[in-house]
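In what follows, a structure is listed as structure tokens, so that the remarks can point back to it.
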């Protein structure tokens, strides 16, 4: 569940910690949720783009806040 103590970051799907999850990230996004992985004590919200825009970040955080998150690990 979402906790205030949990550090949440938004990132693209092509980073070192996320490259293996392309299909899952895309599927989650198409079905109205944001994919996420735990990495170094934080939750990374994965957005299927090469460059993050303010709109993509806002949508990922909104999906996280309403609980539409698919945790992949």
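In the working numbering, the protein residues as written are 2 to 74.
From the three backbone atoms N, C-alpha and C, an ideal C-beta is built for every residue, glycine too.
Note that this is a predicted model, so its numbers are computed, not measured.
Selection from the options that minimises the alpha carbon distance to residue i
i	options	result
residue 11	52, 28, 21	52
residue 23	61, 64, 47	47
residue 14	7, 34, 41, 45	45
residue 50	67, 41, 65, 31	31
residue 61	8, 37, 20, 21	37
residue 17	56, 39, 68	39
residue 57	72, 67, 25, 35	35
Counted within 10 angstroms of its Cβ, other Cβ atoms place residue i as buried (16 or more) or exposed
i	result
residue 29	buried
N-terminal and C-terminal residue of the beta strand (DSSP E) that residue i is part of
i	result
residue 35	35-40
is_contact[residue i, chain C] using C-beta, thresh 8 Å
i	result
residue 48	Chain labels in this structure do not include chain C; a single protein chain is all it has.
Terminal residues of the alpha helix (DSSP H) in which residue i lies
i	result
residue 26	23-31
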